[in-house]
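Beneath this line is the structure, given in structure tokens, with notes to follow.
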Amino acid sequence: MKTTVLISRVLLGVIYLIFGLDYFFKFIPYQPLHPGKTGAFVAGLKGVGYFYPMIKSIQIAGGLSLMFNRYAPFAAVVLFPISLNVLLFHTILVPSGWLMGVTLMVPNVLLGFGYRKYYKPMFTMKASV
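If you want this note's numbering, it's the 1-based position in the sequence shown plus 209.
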């Protein structure tokens with residue numbers, strides 16, 4: 210399991226770091242033009258102004274955290290909703306990109322399984338202070 214967690218952690222960290230940095234520095238040459246509802250969705254997220262910079266900053270911080278194994282269980286939890294949204298976006302709205310969603314989701318789920326002992330206290334039914 211240690212090897213699986215290591216590979217998943219580094220893979221997920223590198224992917225999130227690269228795509229997070231690409232938003233700010235534009236070093237990956239592609240022009241995704243999304244028609245219809247997908248285009249409206251992306252335009253709406255970009256139009257509000259804060260959403261993409263916030264998400265991409267979280268991706269960079271989470272990617273670095275995973276790569277350097279600092280607060281990795283926390284980073285995996287923070288990145289999970291982003292991975293899930295990428296999976297849903299690329300399977301429902303842009304089915305041709307389903308592999309990207311799976312490439313993010315599988316290592317994230319494996320990390321969740323590998324770090325389950327750190328998450329166990331979060332599933333307390335009735336918390337007391």
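We put the beta carbon where it would ideally sit given N, CA and C, even for glycine.
**Q.** Under the three-state DSSP convention, the category ILE216 falls into
**A.** If you number the sequence shown from 1, residue 216 lands on position 7. ILE216 falls in the helix class under three-state DSSP.
Q: Using three-state DSSP, classify PHE277 as helix, strand or coil.
A: What you label residue 277 is simply residue 68 of the sequence shown in a count that begins at 1. The answer is coil: DSSP assigns PHE277 none of H, G, I, E or B.
(Q) Using the three-state DSSP reduction, which class does LYS329 fall into: helix, strand or coil? (A) Within the sequence shown, the letter at position 120 stands for residue 329. LYS329 falls in the helix class under three-state DSSP.
**Q.** DSSP-derived helix/strand/coil call for HIS299
**A.** For the purposes of this step, residue 299 is taken as the residue at position 90 of the sequence shown. Three-state DSSP puts HIS299 in a helix.
**Q.** Contact under 8 angstroms by Cβ, ILE267 with VAL251
**A.** As a working mapping, residue 267 is identified with position 58 in the sequence shown. As a working mapping, residue 251 is identified with position 42 in the sequence shown. No, the pair does not count as a contact, with Cβ atoms beyond the cut-off.
Q. What did DSSP end up calling GLN268 once you bin it into helix, strand or coil?
A. On the sequence shown, position 59 is the one that residue 268 refers to. The answer is helix: DSSP assigns GLN268 an H, G or I state.
Q.
For SER337 and PRO290, I'd like the C-alpha separation in whole angstroms.
A. Working through the sequence shown from its first residue, we reach residue 337 at position 128. Working through the sequence shown from its first residue, we reach residue 290 at position 81. Straight-line Cα distance between these residues: approximately 27 angstroms.
Q. Run through DSSP, which three-state label would LYS246 get?
A. For this step, residue 246 is matched to residue 37 along the sequence shown. Correct three-state label for LYS246: helix.
Q | Inter-residue CB distance, PHE234 and LYS265 (contact presumed, cutoff 8 angstroms) | A | For the purposes of this step, residue 234 is taken as residue 25 along the sequence shown, with counting starting at 1. For the purposes of this step, residue 265 is taken as residue 56 along the sequence shown, with counting starting at 1. The pair is not a contact, with the Cβ atoms about 11 angstroms apart (cut-off 8 angstroms).
Q. Helix, strand or coil: how does DSSP classify VAL311 here?
A. Taking the first residue of the sequence shown as position 1, residue 311 is located at position 102. VAL311: helix per DSSP, three-state reduction.
Q: Give the C-beta separation of VAL223 and GLY272 to the nearest angstrom, bearing in mind that I take them to be a contact with Cβ-Cβ under 8 angstroms.
A: By one-based count along the sequence shown, residue 223 stands at place 14. By one-based count along the sequence shown, residue 272 stands at place 63. With 8 angstroms as the limit, VAL223 and GLY272 qualify as a contact, their Cβ atoms being about 7 angstroms apart.
Q: Leaving aside the five residues before and after MET314 along the sequence, list all residues of the same chain whose C-beta is less than 6 angstroms from its C-beta, in chain order.
A: By one-based count along the sequence shown, residue 314 stands at place 105. The answer, listed in chain order, is SER292 and LEU296.
(Q) Quick check on the burial criterion: 16 or more other C-beta atoms within 10 angstroms. Buried or exposed for ALA249? (A) Looking up residue 249 in the sequence shown gives position 40. Exposed is the call here.
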